[in-house]
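Residue numbers (my numbering): 44 to 475.
Built from N, CA and C at the ideal position, the CB exists for glycine as well.
Computed from a predicted structure; not experimentally measured.
Contents: one structure, followed by commentary.
Below you can see the structure in the form of structure tokens.
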């Protein structure tokens, strides 16, 4: 649509500089640690920055052990392998530790959360989302265990920095003797009843990807409760080299260790984590206030139990305020309607005026690669083979509904109040 001639936006000028979704914010301390690594020639996968990053991360989150790796995805993969070996024993060469086994996974998340299940030969079973936190629905999880009582591993993600209903999930998993992998990649610094996310599961994962609340440009950390698991992960992450004078390998390994340079960036960023969280919260509160009285709501959380890290602020359009819209696999269409809009239009608007928004994560059960997998809703329904199963009411597929009506808003730490007010004004003009 040509917004230039749209009377709703008369007098609104594009931003002079692009407003990003969530770009890295450097402070200078990072350069000190990088420079020290350069001057001392510790440029590989060993060095003080790595040791300190592991110490700081474990201490901050309240975990016993931390293993710094090349990415959050690498950390998730090793967490899955550790959990699989603990449950089923070591795998044979050429086979994954989850070969032929089902794993319950958050449905609304990035694919990195669930792909490691496939790496290890397992089959993800997706658990529907709930509206309160946009995270895994404990009632749907309980239903899933009724249907598949033999499942012993659950992977949960804290979406957009908002903790899920952790205690309920822990209780259900304990009843079924299931391990938990906690994907806290997006929620570093968020708390549930005073405890940091990442320490509630048997294994935890955080990410230092470029768009996270603090960054190393890349990198991640695996959090473990026992030293044996941490040492296994360190060994696996350096190609499973044995303690011999020559290169001796007795099991499959990976090139997953973090570099001392990347660790230096993340180490320097850690000093500003609380500052970043405070700014992100201010952004969230301004959106919440600015949209009050309009046909949209921001993503929610349990005030009495949780403090998110407010990584990304998101919104959902009221059902009655949705214009006709449809999405294909890679394209989307909508019909303009008075006082109504849809995610596609809002994202096009933001792009037109020079701001970056994003769609909500498309649920895993809707992804072509995982449409054959089962999907469990609160009423116990499941679907494999057909993503468009008409036997499941739309109201029971919460993740699909949030995806259909939601977007991620510009949440960059460097965004000014004036820029954010303009974004709020642009969006609100669609509904008046």
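For the pair of segments examined, the segment 449–459 was found to touch the segment 358–373: the number of CB pairs separated by less than 8 Å reaches three.
Residue 198 sits close to residue 157, with the two beta carbons spaced by under 9 Å. Annotation: the continuous beta strand (DSSP E) that includes residue 110 extends over 108–112.
Nearest C-alpha to residue 240 among 210, 59 and 129: 210. Within the segment 112–165, the complete alpha helix (DSSP H) segments of 4 residues or longer fall at 115–131 and 158–162, listed in chain order. Distance from the CA of residue 263 to the CA of residue 152, rounded to the nearest whole angstrom, comes to 17 Å. For the set 232, 347, 349 and 265, the Cα lying nearest the Cα of residue 256 is the one of 232. The way I'd put it, the segment 139–151 doesn't touch the segment 269–282; fewer than three beta-carbon pairs between them come closer than 8 Å.
In the DSSP annotation of this structure, the continuous segment of the alpha helix (DSSP H) that includes residue 190 starts and ends at 181–190.
Excluding the 5 residues flanking it on each side, residue 315 has same chain C-beta neighbours closer than 6 Å at 70, in chain order. Here residue 402 is bridged, per DSSP, to 450. Of the other Cβ atoms in all chains shown, 16 or more fall within 10 Å of the Cβ of residue 383; this residue is therefore buried. In this structure, the beta-carbon distance from residue 106 to residue 267 falls below 9 Å.
In the DSSP assignment, residue 362 falls outside any alpha helix (DSSP H), carrying neither H nor E. Only buried fits residue 312, as 16 or more other CB atoms lie within 10 angstroms of its CB.
In the three-state DSSP reduction, residue 193 falls in the coil class, being neither helix nor strand.
By the Cβ test, the segment 334–347 is in contact with the segment 165–179, since at least three Cβ pairs between them sit closer than 8 Å. In the structure shown, the three-state DSSP call for residue 236 is coil.
Between residue 304 and residue 86, the beta carbon gap of about 6 Å places them in contact (Cβ cut-off 8 Å). Minimum Cα-Cα distance from residue 194 among the listed residues 130, 274 and 57 corresponds to 130.
Going by DSSP, residue 80 is part of the alpha helix (DSSP H) stretching over 72–83. Between residue 260 and residue 339, the CB-CB gap reaches or exceeds 9 Å.
Straight across, the Cα-Cα distance linking residue 181 with residue 220 is about 16 Å.
Burial check for residue 300: the Cβ neighbour count within 10 Å reaches 16 or more, so the residue is buried.
Residue state for residue 320 is assigned as helix, using DSSP reduced to three classes.
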